[in-house]
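Student:
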């Protein structure tokens, strides 16, 4: 009988399709260990992705992609050798291993350990009924067509509807020179809706929303779910048509719950990744134990949340993911680690070694990063602001990890006057300094929300899916960029 | 082990199999590349990575009543069996989509010859990784040795990639060409009482011999990071903003996103319906040219097999052309400008090739000297540009100018405006164009933008 454990399924998959049984894996690792190295691993990946997209009322195109390959890595001290190939054969593996081991200057051989294990994981964070890439295309097409009709019926100012669904199904196998064998099967789905609204004067604005995660595709087909997403996209497009330019200057800012947690990702999370701290190039380097946020602020990175976009059973080095506390009650207390940086810093890996694909070397990366809820009433937080802005949703953000300076674009914001929400604002940007911004938190709401499952993080040219979350918070004296006085 | 076919045979197999499965039109692209990347940090190698990758992309069109259904697929499994299967799957997937009246291969004339655009020097294949790593070591040493305040770095990195691109379609076109790209990048970190700063410099070219010397790359990176030390904030104000040749190409990037044929027909560009109108001062001319020898954006034919060419995008301030592939051209009742882009994993799109702003007469120093009080932007972060409205708001760092002179570094500020006004407000264009990619610009001054700081 077929096993339902994703890890065991992945192990059988690579054994049956490519002949990668324990013996072949041991043989390939053996080739990587012909010189003296600290560690070596093999990363096999087989990913199927499909997408369909609608615009102008019709599903104009469908796509399907198959990506397979293997990466061989060796580590010695802080050096890493890496070679990858899209041909998954034992001959190619040995060739790649010879390339990867070339970083070692020591000719003495490292003793090999036989690879064994079932690949079974202690838990499955993303149990599904059907691989999302096996869901018939007709169901995906039907969903997009229904979205188009519904969106156009919501408001006569809806000018364009663009919608797409992307399904991914990734199977990975990781064999380490410590004899470890880890494997996982990872579903990922996403629905995007973009609306262009046009008013009577021909002025156009855009509204965008997306959702998804590591769950069955069928969740996206639930009518109430996608309708709510469309409603939000339409609402934001129409709201923007009425928005006025955001003022520039320093002001008090209330961040709404959920996606504004991207602030934590940019301002804090990247600066706590192990590589920058090992190299001492982060604005947070050497600051463990110091106060970097107001009392009451606790920030965690948690890869173990069920069905979330940023979650993983194991990271891309085979380490089980975990919840890591980064800031506890305002005090900096932890870093995000992969194997290499943990070893060099004398710490433990935290299950944050991730990579975009077999064609990339793992690095410390975030999973789902969020602030724990406080005790304040969100309504009361808004009432506490005499004059400022209420930022509800964001576009992209970016950080300079060394100087700590970050920026992100606000896609939905309102002015606050005497504790009341006023007119919508457009074109706002928030800017600040990572080690400083959370010391400006003066209120923390009890309404923690995670985002809808749309985050993608880029670092050194590698993209990985991530999640963020935040309760409503108030920040005192933040610089807001806009065009108005 | 499975047996694989030469590139042309693989492309033709994909086309043939999709035709047999019922496609009315097909195109296929095979991209093969070898690459190496390595980083040196201080005196140590950080990583060395080598790879060989191949990917086949297939697009199938199935004729319907007044139009066609279409789908595209890609695979890195290039065994003949896998190609056969993917070709059939592409057709099956196309049948599941709707009939698009505009879909189809180009009606314009395909490239009749494949010009040699000097995109690859075969001799560079013989340069071994160790030699390239020596370049990274030299850049790293030059950056680290430039000043005692530079005591750390993110490292210096080299990259070389060699690619072969083969494209064919069921209308009878087949073309292939080889390209290469080589780079050297250095990113030092400097410390002062005011904290840590990083900055970078890099060089990139089609031929190794066209790269800037490694020690010059390291020294320039060091110069750039040192001038950021002690950066202050400025008070919120409206002032002139000068973009240097490193940051100015981002403005052209925004322009490209607004003249892209897809954004235009979707009405998701503020420049939709503005062809022929004045969008910038007469001093501004922007050219796209896919035939520039050695250009990082050059290609002998575009992503649909059409010849690339020189296109005036902005002619002395007037919007004179969009950037179009055949699909967006048909949507707009125009002709393709030979600007089709094509990756293995997607259907054709429109994009720029080599695009630049024609230089003016003044040096950057002269432009600074004629600025009473303002900002010279040397780095931009964030993604605050909305092509639908032209709203622009980004994070910036740079140098502050008082009485025509640079008085010191500034950071943690944003610059904001509306792109339509920003273009009209360009009142100085430098002579200092710099090619650091496929989009290049000289320094540009915008007479006023809102700067948010303290």
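Residue numbers (this note's numbering), protein chains in the order written: chain C, 102 to 586; chain H, 17 to 470. Every residue gets a Cβ at the ideal spot worked out from N, C-alpha and C, and that includes glycine.
Within 10 Å of its beta-carbon, does residue 411/H have 16 or more other beta-carbons around it, so buried, or fewer, so exposed?
Tutor: Walking along the second chain from the start, residue 411/H turns up at place 395. Label assigned to residue 411/H: buried.
Student: Using the Cβ count rule (16 or more neighbours within 10 Å means buried), how would you classify residue 18/H?
Tutor: Start at 1 with the first residue of the second chain, and residue 18/H comes out as number 2. Legend: pLDDT at residue 18/H = 45, less than 50; position of this residue unreliable, no value from coordinates given.
Student: Sorted by chain position, which residues of the same chain lie with C-beta nearer than 6 Å to residue 216/H's C-beta, five sequence neighbours on each side aside?
Tutor: Here residue 216/H is taken as the residue at index 200 of the second chain, counted from 1. 203 and 237.
Student: What is the DSSP secondary structure of residue 519/C, counted as helix, strand or coil?
Tutor: As a first step, residue 519/C is located in the first chain; it is residue number 418 there, counting from the start. Residue 519/C falls in the coil class under three-state DSSP.
Student: Around the C-beta of residue 66/H, are 16 or more other C-beta atoms found within 10 angstroms, so that it is buried, or is it exposed?
Tutor: As a first step, residue 66/H must be located in the second chain, where it is residue number 50. Under this definition residue 66/H is a buried residue.
Student: Just to confirm, is the Cβ distance from residue 341/H to residue 131/H under 9 Å?
Tutor: To locate residue 341/H, count along the second chain from 1; it is residue 325. To locate residue 131/H, count along the second chain from 1; it is residue 115. Contact flag unset, no.
Student: Applying the criterion that 16 or more other CB atoms from any shown protein chain within 10 Å of the CB defines a buried residue, is residue 438/C buried or exposed?
Tutor: Counting from one through the first chain, the residue named residue 438/C turns up at place 337. The residue is buried, with at least 16 neighbouring Cβ atoms inside 10 Å.
Student: Could you give the DSSP three-state label for residue 332/H: helix, strand or coil?
Tutor: As a working mapping, residue 332/H is identified with position 316 in the second chain. DSSP places residue 332/H in coil when its eight states are reduced to three.
Student: In angstroms, rounded to a whole number, what distance separates the CA positions of residue 254/H and residue 580/C?
Tutor: As a first step, residue 254/H must be located in the second chain, where it is residue number 238. As a first step, residue 580/C must be located in the first chain, where it is residue number 479. Cα to Cα, residue 254/H sits roughly 15 Å from residue 580/C.
Student: Run through chain C and tell me which residues come within less than 8 Å of residue 62/H, C-beta to C-beta.
Tutor: Translated into the one-based positions of the second chain, residue 62/H becomes position 46. Chain-ordered, the chain C residues with CB closer than 8 Å to the CB of residue 62/H read 179, 180 and 181.
Student: At 4 residues or longer, what runs of the alpha helix (DSSP H) sit wholly inside the region 436-482 of chain C?
Tutor: 440-446
Student: From what residue to what residue does the beta strand (DSSP E) around residue 397/H run?
Tutor: Here residue 397/H refers to the residue found at position 381 of the second chain. From DSSP, the beta strand (DSSP E) with residue 397/H extends over 389-397.
Student: In terms of alpha-carbon separation, which member of 301/C, 207/C, 283/C and 331/C lies closest to residue 126/C?
Tutor: Counting from one through the first chain, the residue named residue 126/C turns up at place 25. Of the candidates 301/C, 207/C, 283/C and 331/C, the one whose C-alpha sits nearest the C-alpha of residue 126/C is 283/C.
Student: Would you mind telling me which residues of chain H sit closer than 7 Å to residue 381/C, beta carbon to beta carbon, in chain order?
Tutor: Your numbering for residue 381/C matches position 280 in the first chain. Going along chain H in sequence order, the residues near residue 381/C (Cβ under 7 Å) are 168.
Student: Output needed in chain order: residues of the region 234-263 of chain H with a Cβ under 7 Å from some Cβ in chain C.
Tutor: 252
Student: Could you round the C-beta distance between residue 92/H and residue 170/C to whole angstroms and report it? I think they count as a contact, below 8 Å.
Tutor: As a working mapping, residue 92/H is identified with position 76 in the second chain. As a working mapping, residue 170/C is identified with position 69 in the first chain. About 6 Å separates the two Cβ atoms, so the contact holds.
Student: Taking residue 429/H as the query, report the chain C residues whose CB atoms sit under 9 Å from its CB, ordered along the chain.
Tutor: Here residue 429/H refers to the residue found at position 413 when the second chain is read from its first residue. Against chain C, the beta carbon of residue 429/H has neighbours under 9 Å at 532, 580 and 582, listed in chain order.
Student: Where do the N-terminal and C-terminal ends of the beta strand (DSSP E) with residue 218/H fall, by residue?
Tutor: Counting from 1 along the second chain, the entry for residue 218/H is found at position 202. Residues 217-221.
Student: Out of 562/C, 357/C and 392/C, which has the shortest C-alpha to C-alpha gap to residue 547/C?
Tutor: Stepping through the first chain from its first residue, residue 547/C is reached at position 446. Measuring from the Cα of residue 547/C, the nearest candidate turns out to be 357/C.
Student: For a contact defined as C-beta to C-beta under 7 Å, what are the partners of residue 275/H on chain C?
Tutor: Within the second chain, residue 275/H is the residue found at index 259, counting from 1. Chain C residues near residue 275/H: none, gap ~16 Å exceeds 7 Å.
Student: Counting along the chain, where does the beta strand (DSSP E) carrying residue 502/C start and finish?
Tutor: Here residue 502/C corresponds to residue number 401 of the first chain, with the count starting at 1. Careful: residue 502/C lies outside any beta strand (DSSP E) and carries neither H nor E.
Student: Could you check whether the Cβ of residue 411/H sits closer than 9 Å to any Cβ belonging to chain C?
Tutor: Mapped onto the second chain, residue 411/H falls at position 395. At least one chain C Cβ lies under 9 Å of residue 411/H.
Student: By how many angstroms is the C-alpha of residue 248/H removed from the C-alpha of residue 385/C?
Tutor: Working through the first chain from its first residue, we reach residue 385/C at position 284. Working through the second chain from its first residue, we reach residue 248/H at position 232. When rounded, the distance between both Cα atoms is 20 Å.
Student: Please list, in chain order, all residues of the same chain as residue 289/C whose beta carbon is under 6 Å from its beta carbon, the five residues on each side excluded.
Tutor: Along the first chain, one-based indexing puts residue 289/C at 188. Excluding positions up to five away in sequence, the list reads 269 and 315.
Student: Once the 5 residues before and after residue 135/C are set aside, which same chain residues still bring their CB inside 7 Å of it?
Tutor: Taking the first residue of the first chain as position 1, residue 135/C is located at position 34. Only 202 and 210 meet the Cβ criterion.
Student: Can you pull the chain C residues whose beta carbon is under 8 Å from the beta carbon of residue 77/H, in chain order?
Tutor: Taking the second chain and counting its residues from 1, one reaches residue 77/H at position 61. Neighbours of residue 77/H on chain C: none; closest Cβ ~10 Å, over 8 Å.
Student: Using a Cβ-Cβ cut-off of 6 Å (strictly less than) and excluding sequence neighbours within five positions of residue 503/C, which residues of its own chain qualify?
Tutor: As a working mapping, residue 503/C is identified with position 402 in the first chain. Counting only Cβ-Cβ distances below 6 Å, and skipping sequence neighbours, we find 382.
Student: Kindly provide the ranges of any alpha helix (DSSP H) runs that are 4 or more residues long and lie completely inside the region 216-285 of chain H, ordered along the chain.
Tutor: 230-242, 264-275 and 277-281
Student: Cα-Cα, which of 22/H, 41/H, 463/H and 445/H is closest to residue 264/H?
Tutor: Indexing the second chain from 1 puts residue 264/H at position 248. From the listed residues 22/H, 41/H, 463/H and 445/H, the smallest Cα separation to residue 264/H is found for 445/H.
Student: Step through the CB atoms of chain C and report whether any lies within less than 9 Å of the CB of residue 408/H.
Tutor: By one-based count along the second chain, residue 408/H stands at place 392. At least one chain C Cβ lies under 9 Å of residue 408/H.
Student: Is residue 119/C helix, strand or coil by DSSP?
Tutor: Numbered from 1 along the first chain, position 18 holds the residue referred to as residue 119/C. Residue 119/C: helix per DSSP, three-state reduction.
Student: Counting contacts by CB-CB distance shorter than 9 Å, is residue 558/C in contact with chain H?
Tutor: Start at 1 with the first residue of the first chain, and residue 558/C comes out as number 457. No, its Cβ sits nowhere closer than 9 Å to a Cβ of chain H.
Student: Could you run through the region 80-108 of chain H and flag, in chain order, every residue whose CB is less than 9 Å away from some CB of chain C?
Tutor: 85, 86, 87, 88, 89, 90, 91, 92, 93, 94, 98, 102, 105, 106 and 108
Student: Taking just the CA atoms, how far does residue 452/H sit from residue 184/H?
Tutor: The count along the second chain starts at 1 and reaches residue 184/H at position 168. The count along the second chain starts at 1 and reaches residue 452/H at position 436. Between residue 184/H and residue 452/H, the C-alpha separation is close to 31 Å.
Student: Since I believe residue 457/H is in contact with residue 391/H (beta carbons under 8 Å), could you give me their beta-carbon distance rounded to a whole number of angstroms?
Tutor: In the second chain, the residue the question calls residue 391/H occupies position 375. In the second chain, the residue the question calls residue 457/H occupies position 441. With 8 Å as the limit, residue 391/H and residue 457/H do not qualify as a contact, their Cβ atoms being about 17 Å apart.
Student: Can you check whether the CB of residue 217/C is closer than 9 Å to the CB of residue 280/C?
Tutor: For the purposes of this step, residue 280/C is taken as residue 179 along the first chain, with counting starting at 1. For the purposes of this step, residue 217/C is taken as residue 116 along the first chain, with counting starting at 1. Yes, they are a contact pair.
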